[in-house]
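A short worksheet on the structure shown next.
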Amino acid sequence: MALVTQDRASRHAAEPRGTQQVRDPFRPLAYIAAVGIALVTIVPILYVVLGGMRTTADLGARPVGLPQPWTFENYSGVLADERFWRYVLNSTFVAVITVTLTLVVGSMAAFALSRIDFRGREGVFAFFTLGLLFPPSVALLPLYVMIREIGLLDTPWGVALPQVAFGLPTTIIILRPFMRAVPAELEDSAVMDGCTRLGFFWRILLPLSRPALLTVGVLSFVASWNAFIIPLVVLTDANQLTLPLGVQQFAGQYTADTARILAFSAMSMVPALAFFSLAERRIVGGLTGAVKG
Amino acid sequence: MSSVERATGRRVGERSGNRPLPPVRSGRPLVSRKYVEVVLLLAPALALYLLFVMFPVVQAAHFSVYKWNGLEPLTNFVGLENYRKAFHDPIFLKAIGHNAFFIVASLLIQLPLGLSLAFLLNRKMVGRSALRMIVFAPYVLSEVTTGVVWQLLLMPDTLVDSVLKDLGLGGLIQPWLSDLDTVRYTLFVVITWKYIGFAVILFLAGLQGIPQELIEAARIDGANAWQLARKIMLPLLGPTIRIWIFLSIIGSLQLFDIIWVMTLGGPANSSNTMVTYLYDRGFRRTQFGYGSAASVILFVVSFVFALIYQRFVMRRDTEGALTRRVG
Numbered sequence: 263m264a265l266v267t268q269d270r271a272s273r274h275a276a277e278p279r280g281t282q283q284v285r286d287p288f289r290p291l292a293y294i295a296a297v298g299i300a301l302v303t304i305v306p307i308l309y310v311v312l313g314g315m316r317t318t319a320d321l322g323a324r325p326v327g328l329p330q331p332w333t334f335e336n337y338s339g340v341l342a343d344e345r346f347w348r349y350v351l352n353s354t355f356v357a358v359i360t361v362t363l364t365l366v367v368g369s370m371a372a373f374a375l376s377r378i379d380f381r382g383r384e385g386v387f388a389f390f391t392l393g394l395l396f397p398p399s400v401a402l403l404p405l406y407v408m409i410r411e412i413g414l415l416d417t418p419w420g421v422a423l424p425q426v427a428f429g430l431p432t433t434i435i436i437l438r439p440f441m442r443a444v445p446a447e448l449e450d451s452a453v454m455d456g457c458t459r460l461g462f463f464w465r466i467l468l469p470l471s472r473p474a475l476l477t478v479g480v481l482s483f484v485a486s487w488n489a490f491i492i493p494l495v496v497l498t499d500a501n502q503l504t505l506p507l508g509v510q511q512f513a514g515q516y517t518a519d520t521a522r523i524l525a526f527s528a529m530s531m532v533p534a535l536a537f538f539s540l541a542e543r544r545i546v547g548g549l550t551g552a553v554k555g
Numbered sequence: 636m637s638s639v640e641r642a643t644g645r646r647v648g649e650r651s652g653n654r655p656l657p658p659v660r661s662g663r664p665l666v667s668r669k670y671v672e673v674v675l676l677l678a679p680a681l682a683l684y685l686l687f688v689m690f691p692v693v694q695a696a697h698f699s700v701y702k703w704n705g706l707e708p709l710t711n712f713v714g715l716e717n718y719r720k721a722f723h724d725p726i727f728l729k730a731i732g733h734n735a736f737f738i739v740a741s742l743l744i745q746l747p748l749g750l751s752l753a754f755l756l757n758r759k760m761v762g763r764s765a766l767r768m769i770v771f772a773p774y775v776l777s778e779v780t781t782g783v784v785w786q787l788l789l790m791p792d793t794l795v796d797s798v799l800k801d802l803g804l805g806g807l808i809q810p811w812l813s814d815l816d817t818v819r820y821t822l823f824v825v826i827t828w829k830y831i832g833f834a835v836i837l838f839l840a841g842l843q844g845i846p847q848e849l850i851e852a853a854r855i856d857g858a859n860a861w862q863l864a865r866k867i868m869l870p871l872l873g874p875t876i877r878i879w880i881f882l883s884i885i886g887s888l889q890l891f892d893i894i895w896v897m898t899l900g901g902p903a904n905s906s907n908t909m910v911t912y913l914y915d916r917g918f919r920r921t922q923f924g925y926g927s928a929a930s931v932i933l934f935v936v937s938f939v940f941a942l943i944y945q946r947f948v949m950r951r952d953t954e955g956a957l958t959r960r961v962g
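Quick note, the sequences are listed as chains A and B, same order.
Just remember that the numbering used here sits 262 ahead of the position in the first sequence, which is counted from 1.
Just remember that the numbering used here sits 635 ahead of the position in the second sequence, which is counted from 1.
As structure tokens, then:
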């Protein structure tokens, strides 16, 4: 495919155009646009963070402006609120189960689908990719009924297990080509040294797949941390809520106290943004990789 | 078959095992051991996938022919009545229309915007990597936080209104989330704010995949920046754009989180989507049978779209995961 398009493109390029210098009339425009985009993205986030340091009265009197007076009461209030920490803990627990199971179950399946030749392999793979069409929202009601039936309502497992299941298509799509690209000679020599197939998987393939596994892990962590719809239907017990549900509840409860909601929202952004700045490369690489297969 | 496949993965199964190579497909005990391993490796994934992803879809079809509140035994069989009801409910039909609105708006606004930003960020400029991170940051914020925050920013006389006034655009101020007509546009802007980073990152990756020699060659032939973008990069970006369109349409069909947080589908159902509608009917009014019928309709729409799109649009893009030919 690449060859064909290349061909087409070079034909375009080959059209005679004279030998004028490359001019770039877009440069100043580019900087203006860049600044504009940065502002549109950053200002709302900054407004939330700084808004948390203002009083609600101050916010009401002057919607836009630096805090006057600066107050850290909202933030210290959130940090002292045991609900906030409970939500964080619940979210962490759900995310840890989700990531662990996704890695274990996903890498096993991807191994079978990439390096063992068995009849129906491509069919099974296609069956998994079909799952990209089924986000949890499609079959929400039966999913809820089933989680209720197996007794997992209001448990972290009731959130984590479906999340793992819905994450499997992407996981397998990322891992399979990666595992497949490991040279066959490596497997052959491992076999010659007396390694079994599963031994090869465990001792050689998994360590070699570390970058892909990291990507999958990071993506499933972010997805789990931000997840809304599955926790929304599975968790109703106030002690079990995850952070997004907690934010929603908090915002509903203190509608009049804007500064406090801003502080709570800002605190809830911290883990996601911190994690993002640490793992940006993985997230970006993973998303683009997943899409390109 | 890809070259990687040909070079590596393909015959691995036959060649491994610590015995001398038997003729293909004759070493019985070896084969059966292989199948035991395959089953063991695939079982957990398949079990979870069937239980939580596939089975509920089948169940939705099953529930959809009953009148059911989700608790009592399934006895009140009503046939296709729920479907008839759905297609005669103006609120549901409007919800479908709203999904269509988000699909069209995304294609008309987000696609050109995402492409321009990607071209912008693809050039050498000061602070490029910082800008990339900034553009992508909203994508990692949770939908709930995004929704809650924007709800506050859009309240009368807070950030958005003040900024508009300061820019001398005070006349544009609307009741952003409470006007029956404005609300969808407002939501669309918030959704764009949240997801444009994904489009940009995707297109950037596509741009970086374009061989540098091509661009050099065009430059030498005298192509200017506009011609480069229009005649070289855009066509070569085709597969990436087609995949983004696919993901965007599927995403617009499934919209729920941000809308639910910001408006609950209101005011007066004016921002309902199919998913907010089915959530409302199912969980708030405990019409599980009827809600399931709505979700079957949503599923059929998504599925038919995906099939058609892959058959006719993404066919040429052999890299696409979903488009990979079976066998």
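Every residue, glycine too, gets a C-beta built ideally from N, C-alpha and C.
What is the residue span of the alpha helix (DSSP H) that residue i lies within?
| i | result |
| --- | --- |
| B/I808 | Careful: B/I808 lies outside any alpha helix (DSSP H) and carries neither H nor E. |
| A/N336 | 335 to 342 |
| B/S751 | 746 to 757 |
| B/G901 | Element bounds for B/G901: n/a, residue is neither H nor E. |
| A/M315 | Element bounds for A/M315: n/a, residue is neither H nor E. |
| B/V739 | 725 to 740 |
| B/L796 | Residue 796 of chain B is actually Asp in this sequence, not Leu. Segment 794 to 801, the alpha helix (DSSP H) holding B/D796. |
| B/K829 | 817 to 843 |
| A/A614 | Chain A is shown from 263 up to 555; residue 614 of chain A falls before or after that span and cannot be answered. |
| B/V875 | Checking the sequence shown, residue 875 of chain B turns out to be Thr, not Val. Per DSSP, B/T875 belongs to the alpha helix (DSSP H) from 873 to 888. |
| B/S764 | 763 to 775 |
| A/P493 | 491 to 496 |
| B/I943 | 923 to 947 |
| B/M909 | 909 to 914 |
| A/T408 | Thr is not the amino acid found at residue 408 of chain A; the sequence shown has Met there. Taken as a continuous stretch (DSSP letters only), the alpha helix (DSSP H) holding A/M408 covers 402 to 411. |
| A/S486 | 472 to 488 |
| A/S399 | No alpha helix (DSSP H) contains A/S399, which DSSP labels as neither H nor E. |
Between the Cα of residue i and the Cα atoms of the options, which residue gives the shortest distance?
| i | options | result |
| --- | --- | --- |
| B/T821 | B/V671, B/V795, B/D801, B/Y774 | B/V795 |
| B/I885 | B/Y944, B/L789, B/L776 | B/Y944 |
| B/S759 | B/G749, B/L839, B/H723 | Reading the sequence as shown, one finds Lys at residue 759 of chain B and not Ser. The option with the nearest alpha carbon to B/K759 is B/L839. |
| A/A357 | A/A372, A/T520, A/A518, A/L481 | A/L481 |
| A/A401 | B/A740, B/F947, B/N734, B/Y925 | B/Y925 |
| A/A521 | A/T318, A/A295, A/I294, A/Y293 | A/T318 |
| A/L363 | A/L351, A/Q425, A/Y349, A/A388 | A/Q425 |
| B/F698 | A/L535, A/G382, A/Y406 | A/Y406 |
| A/T477 | A/N352, A/S369, A/L423, A/A525 | A/S369 |
Tell me whether residue i is buried or exposed, calling it buried when 16 or more other Cβ atoms sit within 10 Å of its Cβ.
| i | result |
| --- | --- |
| B/D915 | buried |
| B/L743 | exposed |
| A/Q515 | exposed |
| B/A730 | buried |
| B/P658 | Low local confidence applies: a pLDDT of 49 at B/P658 is under 50, so the model's placement there is unreliable, with the coordinate-based value given in what follows. Result: exposed. |
| B/N711 | exposed |
| A/F346 | buried |
| A/M454 | exposed |
| A/G327 | exposed |
| B/I855 | exposed |
| A/G385 | exposed |
| B/V739 | exposed |
| A/D221 | Limits of chain A in this structure are 263 at one end and 555 at the other, which puts residue 221 of chain A out of reach. |
| A/G547 | buried |
| B/L683 | buried |
| A/I378 | buried |
Please list, in chain order, the chain A residues whose beta carbon lies closer than 8 Å to that of residue i.
| i | result |
| --- | --- |
| B/F938 | L395 |
| B/Q889 | P397, S399, V400 |
What does residue i touch in chain A if you count any residue whose Cβ is under 7 Å from its own?
| i | result |
| --- | --- |
| B/D915 | What B/D915 touches in chain A: nothing, since even the nearest Cβ is about 11 Å away. |
| B/P691 | A401, P404, L405, M408 |
| B/K669 | I378, F380 |
Name the chain B residues that come within less than 7 Å of residue i, Cβ to Cβ?
| i | result |
| --- | --- |
| A/A485 | Going along chain B, no residue has its Cβ under 7 Å from A/A485, so there is no contact; the nearest lies around 10 Å. |
Using a Cβ-Cβ cut-off of 7 Å, state whether residue i counts as contacting chain E.
| i | result |
| --- | --- |
| B/V910 | Looking at the structure shown, chain E is missing, and the protein chains on hand are A and B. |
Would the beta-carbon of residue i be found less than 6 Å away from any heavy atom of the ligand COA?
| i | result |
| --- | --- |
| B/Q862 | This structure lacks the ligand COA, and indeed carries no ligand of any kind. |
Three-pair Cβ contact test at 8 Å for the stretch 468 to 481 of chain A versus the stretch 340 to 350 of chain A: no
Validate contact between the stretch 442 to 456 of chain A and the stretch 700 to 708 of chain B using beta carbons, cut 8 Å, 3 pairs: no
At least three beta-carbon pairs within less than 8 Å, the stretch 764 to 773 of chain B to the stretch 840 to 847 of chain B: no
At least 3 beta-carbon pairs within less than 8 Å: the stretch 869 to 881 of chain B vs the stretch 899 to 913 of chain B: no
Given 8 Å, three or more beta-carbon pairs between the stretch 670 to 679 of chain B and the stretch 400 to 416 of chain A: no
The stretch 295 to 306 of chain A / the stretch 497 to 514 of chain A touching (three or more Cβ pairs under 8 Å): no
Stretch-stretch touch, CB-based, cutoff 8 Å, three pairs: the stretch 773 to 787 of chain B with the stretch 858 to 867 of chain B: no
Three-pair Cβ contact test at 8 Å for the stretch 483 to 497 of chain A versus the stretch 455 to 464 of chain A: no
The stretch 528 to 535 of chain A in contact with the stretch 428 to 442 of chain A per 3-pair CB rule at 8 Å: no
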